[in-house]
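Numbering (full-length UniProt numbering), first residue to last: 1 to 290.
We put the beta carbon where it would ideally sit given N, CA and C, even for glycine.
Since this is a predicted model, take the numbers as computed values, not measurements.
Below: one structure, written as structure tokens.
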């Protein structure tokens, strides 16, 4: 397989379109199309679904993984030959709660290397592995302990979420000391908020009712929406702590949700990926519960 063709396939998937790939590679859209057709011809499979955005087929995912590994190893090889750090592409899937709480020290570490680039893909912790399987990322913060084929797993610790709202909100939906969980407006991070959905279903016992659900797909704005009384929600304890201390919010009960977190990364001999793994593990073990 032609490495140039693999590079082009990877650009299409990363940019989401043939036109985006042409801009990223500084070649014409027709040249992008010709390279992909040549690659598809060489393997005898359709590799790209011409959708918006463009996605890899099952066969294409295999080659995308190979292309990303080659890109990382090529960058590290150039760095060693030139005696300096080249631009080393590191792609990571991570959930928004981790990104807004314990993950930022990883930025400090990667920045100190001088030549690495970090691309983060935000996804619910229950779904980050799909990006790893497709070859879209080199590593993923996930709650799945079972390794993806070709990957290794490291336990990071436990992230605790607390059910919180404002005191006024809690008082309004409390009758004779009992919270009306069915009637209370609730916040979700997004359509795949497994954590919030699971907790809510457990509290209301499958009773649907006419729930008022607001979706706020930003970790910071999610906490602010709770603080302003839009609804109740599950907040990471690190994010909730200062608002609890100030009295802006209160816990709704003594319950909590603990989620074991794991780091899954490709089993690949890469100094950069190993250093990134060390940085992720160190940051998690400082902030997450053991």
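Using C-beta distances below 7 Å, list every residue in its chain close to residue i, excluding the 5 sequence neighbours before and after it, in chain order.
{"i": "residue 142", "result": "125, 128, 129, 262, 264"}
{"i": "residue 40", "result": "46, 47"}
{"i": "residue 173", "result": "179, 180, 183, 184"}
{"i": "residue 101", "result": "236, 238, 239, 287"}
Between residue i and residue j, which are expected to be in contact by the criterion C-beta below 8 Å, what is the C-beta distance as a whole number of angstroms?
{"i": "residue 46", "j": "residue 57", "result": "5 Å"}
{"i": "residue 288", "j": "residue 235", "result": "That belief does not hold up - the Cβ atoms of residue 288 and residue 235 are roughly 15 Å apart, past 8 Å."}
{"i": "residue 232", "j": "residue 159", "result": "Rounded, the Cβ-Cβ distance is 19 Å, inconsistent with contact."}
{"i": "residue 63", "j": "residue 93", "result": "Residue 63 to residue 93, Cβ: 19 Å. No contact."}
{"i": "residue 156", "j": "residue 281", "result": "7 Å"}
Quick check: what's the CA-CA separation for residue i versus residue j?
{"i": "residue 139", "j": "residue 118", "result": "11 Å"}
{"i": "residue 169", "j": "residue 150", "result": "48 Å"}
{"i": "residue 154", "j": "residue 99", "result": "18 Å"}
{"i": "residue 59", "j": "residue 137", "result": "17 Å"}
{"i": "residue 77", "j": "residue 37", "result": "29 Å"}
{"i": "residue 26", "j": "residue 285", "result": "42 Å"}
{"i": "residue 260", "j": "residue 55", "result": "31 Å"}
{"i": "residue 202", "j": "residue 255", "result": "12 Å"}
Below 8 Å CB to CB, which residues in the same chain sit around residue i once its five sequence neighbours on both sides are set aside?
{"i": "residue 279", "result": "105, 106, 109, 110"}
{"i": "residue 214", "result": "185, 186, 187, 188, 225, 230, 231"}
{"i": "residue 178", "result": "none"}
{"i": "residue 61", "result": "133, 134, 135"}
Is residue i near the ligand MG, judged by its Cβ being under 7 Å from some heavy atom?
{"i": "residue 266", "result": "You won't find the ligand MG in this model; it holds no ligand whatsoever."}
Suppose contacts are defined by Cβ-Cβ distances below 8 Å. Is residue i in contact with residue j by that definition?
{"i": "residue 71", "j": "residue 9", "result": "no"}
{"i": "residue 152", "j": "residue 271", "result": "no"}
{"i": "residue 67", "j": "residue 15", "result": "no"}
{"i": "residue 88", "j": "residue 114", "result": "no"}
Tell me which same chain residues have a C-beta within less than 6 Å of the C-beta of residue i, skipping the five on either side of it?
{"i": "residue 297", "result": "The displayed coordinates of the chain run from 1 to 290. Any statement about residue 297 would go beyond what the structure contains."}
What are the start and end residues of each continuous beta strand (DSSP E) run of 3 or more residues lying completely inside the region 157 to 232, in chain order? Here the runs fully enclosed are 186 to 188, 213 to 215.
Going residue by residue through the region 48 to 110, where are the continuous beta strand (DSSP E) segments of at least 3 residues, counting only ones entirely within it? If we require 3 residues or more, the beta strand (DSSP E) runs fully inside the region 48 to 110 come out as 88 to 94.
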